[in-house]
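Data first, discussion second: the structure below is written as structure tokens.
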Amino acid sequence: MSRKKRDHAWGENGFEDWGGYMAAKKAKLEEQFRDTANKEFKEPSKLFEGIAVFVNGYTDPTSDELRRLMMMHGGLYHHYMRPKITTHIIASNLPYSKIIMYRKSQNPIPICKPQWIIDSIAAGKVLNFQNYLLYSNNTNVQSLLTYKLNNKKIEDNANSTMHKEQDIEQSKASGIVINNETNINNQNISKHNAINDALKHDTISTHQSSNIKTNAQSTRDAEFLSTFYSNSRLHYIATMGTTFKDYVNELRDKSDGLFPGLDRLIKLKEARDILTSTDCESDPEDEIYFTDKVKRKREVIIMHIDMDCFFVSVGIRNRPELRDQPIAVTHAKGNTFSANYDGKEEFGSLSEVASCSYAARKTGVKNGMFLGEALKLCPNLKTIQYDFEGYKEVSYILYDTVASYTLDIEAVSCDEMYADCTKILEASGLSPLEFATIIRKEIKQKTNCPVSTGFGNNRLQARLATRKAKPDNQFYLSNQNVETHMRTLDTRDLPGVGGTTTYKLRKMNVHTCEDLQKVSLSVLQKEFGKKMGEQLHKMCRGLDDTKLNLEHIRKSVSAEVNYGIRFRNNGDAVDFLSKLSTEVCDRLIAVRAKGRCITLKLMVRAEEAPVETAKFMGHGPCNYITKSKNLIAAVDDVNIIRKEVVNIWNQLHLTPEDMRGIGIQISRLEICKTKQNKGNLINFFSKTAKLQTCDQMSSNDDKNRCDPNFNENSKLNNSKVPLTSESSGTKNIFEAQINNLPLTKSSNVHKDESSAIPCNVQTESTTTEAEDKNLHNCKAHENTKAKNLEISGISSKKATQKQTSQENFFKHTKPSSGKSLKYEIPRIQDIDMSVLIELPEDIRNEIFDEYKRNKKQQSQVAADPVNKVSDDEKNSNIQDCSQVDPDVLSALMKNDLHPDVQRDVQIYCNMKREANRVNLNESNENKSSKQLQGASLSSKTNNSKNQNAKHIVNNTCTNEAACILQEDKILHTRDQLREKDDVNKTDSTSCRNSRIEISHNNAAMDKADTFILQNLSILHNNENIDKHQEMLITLVNHLFALPLQQVKMQIQTWITKSKVVNEVDFLSLATFLSMLPQKKRIEDLHILLKTMHRCITKNDDCTWHKTYRRTVKHVQRYMQIEYNNNLMVPSIRCNDSRCNNGDCEFEILEI
DNA sequence: ATCCTCCCCTAC
DNA sequence: TAAGGTAGGGGAGGAT
Ligand SMILES: Nc1ccn([C@H]2C[C@H](O)[C@@H](COP(=O)(O)OP(=O)(O)OP(=O)(O)O)O2)c(=O)n1
Ligand SMILES: [Mg+2]
Ligand SMILES: [Mg+2]
1 MSRKKRDHAW
11 GENGFEDWGG
21 YMAAKKAKLE
31 EQFRDTANKE
41 FKEPSKLFEG
51 IAVFVNGYTD
61 PTSDELRRLM
71 MMHGGLYHHY
81 MRPKITTHII
91 ASNLPYSKII
101 MYRKSQNPIP
111 ICKPQWIIDS
121 IAAGKVLNFQ
131 NYLLYSNNTN
141 VQSLLTYKLN
151 NKKIEDNANS
161 TMHKEQDIEQ
171 SKASGIVINN
181 ETNINNQNIS
191 KHNAINDALK
201 HDTISTHQSS
211 NIKTNAQSTR
221 DAEFLSTFYS
231 NSRLHYIATM
241 GTTFKDYVNE
251 LRDKSDGLFP
261 GLDRLIKLKE
271 ARDILTSTDC
281 ESDPEDEIYF
291 TDKVKRKREV
301 IIMHIDMDCF
311 FVSVGIRNRP
321 ELRDQPIAVT
331 HAKGNTFSAN
341 YDGKEEFGSL
351 SEVASCSYAA
361 RKTGVKNGMF
371 LGEALKLCPN
381 LKTIQYDFEG
391 YKEVSYILYD
401 TVASYTLDIE
411 AVSCDEMYAD
421 CTKILEASGL
431 SPLEFATIIR
441 KEIKQKTNCP
451 VSTGFGNNRL
461 QARLATRKAK
471 PDNQFYLSNQ
481 NVETHMRTLD
491 TRDLPGVGGT
501 TTYKLRKMNV
511 HTCEDLQKVS
521 LSVLQKEFGK
531 KMGEQLHKMC
541 RGLDDTKLNL
551 EHIRKSVSAE
561 VNYGIRFRNN
571 GDAVDFLSKL
581 STEVCDRLIA
591 VRAKGRCITL
601 KLMVRAEEAP
611 VETAKFMGHG
621 PCNYITKSKN
631 LIAAVDDVNI
641 IRKEVVNIWN
651 QLHLTPEDMR
661 GIGIQISRLE
671 ICKTKQNKGN
681 LINFFSKTAK
691 LQTCDQMSSN
701 DDKNRCDPNF
711 NENSKLNNSK
721 VPLTSESSGT
731 KNIFEAQINN
741 LPLTKSSNVH
751 KDESSAIPCN
761 VQTESTTTEA
771 EDKNLHNCKA
781 HENTKAKNLE
791 ISGISSKKAT
801 QKQTSQENFF
811 KHTKPSSGKS
821 LKYEIPRIQD
831 IDMSVLIELP
841 EDIRNEIFDE
851 YKRNKKQQSQ
861 VAADPVNKVS
871 DDEKNSNIQD
881 CSQVDPDVLS
891 ALMKNDLHPD
901 VQRDVQIYCN
911 MKREANRVNL
921 NESNENKSSK
931 QLQGASLSSK
941 TNNSKNQNAK
951 HIVNNTCTNE
961 AACILQEDKI
971 LHTRDQLREK
981 DDVNKTDSTS
991 CRNSRIEISH
1001 NNAAMDKADT
1011 FILQNLSILH
1021 NNENIDKHQE
1031 MLITLVNHLF
1041 ALPLQQVKMQ
1051 IQTWITKSKV
1061 VNEVDFLSLA
1071 TFLSMLPQKK
1081 RIEDLHILLK
1091 TMHRCITKND
1101 DCTWHKTYRR
1111 TVKHVQRYMQ
1121 IEYNNNLMVP
1131 SIRCNDSRCN
1141 NGDCEFEILE
1151 I
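Take 1 as the starting number for the first sequence in full-length UniProt numbering and just add one per residue.
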């Protein structure tokens, strides 16, 4: 754990954080998550044919859901209102002003509730929308009244709750003491607010925000999150940014290869050519053109396009009178200039200016400033409200317009993108600036908003050109004139150079790019790091060799709130963590991703910072804490994420009252896109190529030979949801795991500390609690969980941190060294992806289908070997009685439900042998003291151990029996059994010693009991075995009773202190480990195997190597049974080839 | 050396 | 009042 606080003071807005501006977090709520629904349904219904809807504002279901529904049923979905094309507006709630606006428009179209779509689909026909109008004529007045009332309420509320602005952080920082003349202040404020009210009528607020206001100031309020997010501009621009990155991906996927805009340009050019050729019909003319074209083709032309003061422009696009006025978009209503500004040190409104007009910028106002500060600079500044819907509408027009010329687009944000215009200019014969004029005019005409473009030979130049062009203009910065231009720039003008870097450079006496050019690369790298130094070195010369990032791949999903966090106690904190978990989970699911890493990000009030922040509900100066946890499998389950998050929270022991910001980030994503063939395949292919290399390198790789089914099974899982049969045995992996893991200082603390002594009441109650939770989880996630368990692991090599999500996704696709690749098509890694991408979509899909078909066949083939494993297992037992195989013990404990007389005989045969061996070992035990259970453990717990032995057996068998019942898919008892299973999981692993009587727990017990009894009676039939088996079981159970750390230590001790491998130790450990999959303790299993590996690789003893391989192989078998997949564990390669080969023989022998 | 984790920094 | 989010590149330093 670490915490840090920024301590430099170059502050961009000069306020509050000696820390400069705070980075912040948040999450988003609805919308976006674009779906390729139209592709997913091969025969879409035609229900909504001819209907085109535009969804306005928040709806239930969300606009994305509605979009999907429309697409599924043959309708159209417009991202913005298209007069004469959009047939219906869908809204759950519209401000009166919007209703009037639509009604007044030239062709008024109906505004319907979303239910119209839902009901129509349910009815299978388009119902009469008249019955679903949002507001009939009669209710207009009503809605207007409500609206006004609500507004009044807000203002009253504002007056009464107006805060005394004591403890302004800035005053603290600057040492200025402010007298808190509260009363006077309040009076002033009230008075000013009255003035504001009066002013408000001729201010330019549009009041478009939601007309439903609830009290959502506290994280405890149900509406807090949604209110915050729906008002957060930063949330808006962040989510819209990714929305448009996805949007260009989607446009590219759906593209029919036609570019209407470009075609127009080409026609224009042809017309021009005809004109010129009539003038002079000579061949040389063509040649000149030709050479011109060739010349152009050689240099790349990148366009950067960015709306001018975007929020302002959209806000005033229908208010020509405000053009050229100093305008700012802020939340603060009305003109707060008179409210707080007293001409002295006070800051005035701390509402942030999202965007300000160029008139305002002339006075020094900047985006991101506090309104109070801006008003000091520009007393005439007028404020307007946010219009998030409007921004969206304009953004889509911007993107659609550019997309009509090219799809070589890299989206940057909702108002900004790069586009590779090389082809456009080549095909149209236009110069960059000619094209700029055309496209800018087009966008301005469509949106009524000014836009600037920059062109350059790389993206840096394009970007700098835009900056130079603004406002409402264009510029072309080429390799020729870049040199001169760079000399006019400050370092701060370079993209990527922010406050900190500027500050550092300033300390080095570097202010301009020209200064920077004089600094050597090595100095820069020393000061800023390798990459950053290099980047600076190039940038200040106008050089940039980075390519446009056309295909966006998401690497993380997060949700953060650093506003309004004021917890009273731990309950509040946990409650909010829970809500935020839900939020981040929803977002994960919306992008069809699962993640393997959970990070909790916290902002904690700095010690010296006042409890009340200057900014209302702001975070003030803070320390930052992040803590992450890696999971063994990717998850998108809210229960798992919540538990992990709360676990981390509990581990940190922070004061809830001091929290000022909370964020949850999920990374190491695996994207489960069903139809995103392209992206996946690209990565799949490249991954395949990588893995091939990797595979060759590790041809001795233990795990490859350990499990010949590995590859096929991986593919099976890999082919994802549709092919993964639902298995109740794969549920609740992390629930169980979380319950089982030793938790520091959590409510589970009793369980963990009760290692040997039976603990009664306490433990029982915790168990029940856990049981309830599990039950709940079980039901809520019955369907999803089974699918979630693609077990991956940490790749033994090349587990690069920067894997892309798709690489992760295909982690299991480790191809065998050839045998599984029976494609007739070329080896996939030989396919040139750029060629493939260029193919028409239908042909491309054909190739993909072919490819998928192959894969599927393999998957089906792969399904069998899972069963074969158990067959092989039996066979091996029969064939090789002398081989002491931990399978035997496991099998016995598992009480395999497919009774096989031969096998049973074999088991007892083996057990007898084992018993003999154990006897021998026991006689040596005192001397060698190499037993796995360790002295302390044995001595400390011997008594209770023996006393409880029967119970332990009983419990274990119950557990196993219940599980096996599940596996046997006795459907009608599934639910109860699952409960049973969960109870036992918790019980048997976390508080093993308290398992006295659990049979009363539920009805399913009866069935489970039956199996136990059978099992026990069989066991008791063989007295000789009984004793030693109990001992083994006891050993295994001891391992279960130990906290993970101690098991780890036991293993370390065992391996490092023993010269020979004690078979009983091996048996105990292997059995223990092999039961972990069934207990869903995959993460523990993984840790332990890694520990084992680490210890064993330290010595050169091939016996140990073999022991490790046997253990792994054994464990993998149960991984296969439980998860249909292998755990990724490191392999051992011995210098002695006989060791490796010997292992091979072993494998062959076994299988 | 290489990886992992916890940061920092930046952009919009 | 005010709505200070989000994603990605990258570096430092400890663990392996
Ligand atoms: N600190 C910031 C920066 C930006 N934005 C929002 C409002 C902007 O309008 C929009 C686009 O950001 P730009 O950087 O493109 O700034 P503008 O479009 O406002 O101005 P410019 O003309 O410089 O592009 O993002 C914001 O809310 N807060
Ligand atoms: Mg802009
Ligand atoms: Mg921009």
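Where is the CB? At the ideal position from N, CA and C, for every residue including glycine.
Asked                                                                                                                                                                                          : Found
Relative to the alpha-carbon of Ala403, which residue among Val611, Gly529 and Leu550 has its alpha-carbon at the smallest distance?                                                           : Leu550
For residue 1153, count neighbouring C-beta atoms within 10 Å of its own C-beta (all shown protein chains included) and say buried if the count is 16 or more, exposed if not.                 : Only positions 1 to 1151 of the chain appear in the structure, and residue 1153 is not among them; the question remains open.
State the Cα-Cα distance for the pair Met71 and Gln445, rounded to the nearest angstrom.                                                                                                       : 29 Å
Classify Pro1077 as buried or exposed, calling it buried when 16 or more other Cβ atoms lie within 10 Å of its own Cβ.                                                                         : buried
Quick one: is Ile443 buried, meaning 16 or more other Cβ sit within 10 Å of its Cβ, or exposed?                                                                                                : buried
Using C-beta distances below 8 Å, list every residue in its chain close to Ser45, excluding the 5 sequence neighbours before and after it, in chain order.                                     : Met72, His73 and Gly74
Three Cβ pairs or more, each shorter than 8 Å: is that satisfied between the segment 233-251 and the segment 592-608?                                                                          : no
Quick one: give me the first and last residue of the alpha helix (DSSP H) that Ile121 is part of.                                                                                              : Gln115 to Ala123
Going straight from the alpha carbon of Thr582 to that of Ile641, what length do you get?                                                                                                      : 8 Å
So, under 8 Å CB-CB, Asp545 and Asn458 are touching, yes? Tell me the CB distance rounded to an integer number of Å.                                                                           : 7 Å
Inspect the CB distances between the segment 569-585 and the segment 655-674 and report whether three or more fall short of 8 Å.                                                               : yes
Determine the closest residue to Asn249 out of Ile305, Thr406 and His1093, with distance taken between C-alpha atoms.                                                                          : Thr406
Can you pull the DSSP bridge partners for Val604?                                                                                                                                              : Asn623 and Met659
Starting from the C-beta of Glu644, find all residues in its chain whose C-beta is less than 6 Å away, skip the five residues before and the five after it, and write them out in chain order. : Ile598 and Lys629
Three or more C-beta pairs under 8 Å: does that hold for the segment 413-425 against the segment 305-314?                                                                                      : yes
Could you check if Ile1132 is buried or exposed, using at least 16 other CB atoms within 10 Å of its CB as the buried criterion?                                                               : buried
Please confirm if the segment 321-335 is in contact with the segment 350-370, defined as three or more CB-CB distances below 8 Å between the two stretches.                                    : yes
Who's in the neighbourhood of ligand 3, going by beta-carbon under 7 Å from any heavy atom, listed in chain order?                                                                             : Asp306, Met307, Phe310, Val412, Ser413, Asp415 and Glu416
Buried or exposed for Leu1042, going by 16 or more other Cβ atoms inside 10 Å?                                                                                                                 : buried
Quick one: what's got a C-beta closer than 7 Å to Ala469's C-beta in the same chain, skipping five residues either side?                                                                       : Ser452, Thr453, Gly454 and Phe475
Considering just the uninterrupted stretch of the alpha helix (DSSP H) at His485, what are its terminal residues?                                                                              : Val482 to Arg487
Using the beta-carbon count (16 or more within 10 Å), is Val611 buried or exposed?                                                                                                             : exposed
Arg566: which of Ser556, Ala593 and Arg605 sits nearest, CA to CA?                                                                                                                             : Arg605
For the structure I just gave you, are there three or more beta carbon pairs, one from the segment 217-233 and one from the segment 524-536, closer than 8 Å?                                  : no
Measure how close the beta-carbons of Ser355 and Leu371 come, nearest whole angstrom, since I'm counting them as under 8 Å.                                                                    : Between Leu371 and Ser355 the Cβ distance is about 12 Å, and since that is not below 8 Å, they are no contact.
I want to check one thing, is the minimum distance from the CB of Lys526 to the heavy atoms of ligand 1 below 6 Å?                                                                             : no
Could you tell me how far apart the beta carbons of Ile117 and Leu66 are, in whole angstroms, since I believe they sit closer than 8 Å?                                                        : 6 Å
Report back the beta-carbon spacing between Leu1069 and Ile1051 to the nearest angstrom; my notes put them in contact at under 8 Å.                                                            : 7 Å
Which word fits Ser558, buried or exposed, when buried means at least 16 other C-beta atoms lie within 10 angstroms of its C-beta?                                                             : buried
Check the C-beta distance from Asn56 over to Glu389 and give it rounded, since I have them as a contact under 8 Å.                                                                             : 6 Å
Start and end of the alpha helix (DSSP H) containing Met307?                                                                                                                                   : Per DSSP, Met307 belongs to no alpha helix (DSSP H); it is in the beta strand (DSSP E), Ile302 to Met307.
With DSSP as the reference, please indicate the residues paired to Ser558 in a beta bridge.                                                                                                    : Gln665
For the 8 Å Cβ check, are there 3 or more pairs between the segment 613-627 and the segment 586-593?                                                                                           : no
Taking only three categories from DSSP, how would you classify Arg233?                                                                                                                         : helix
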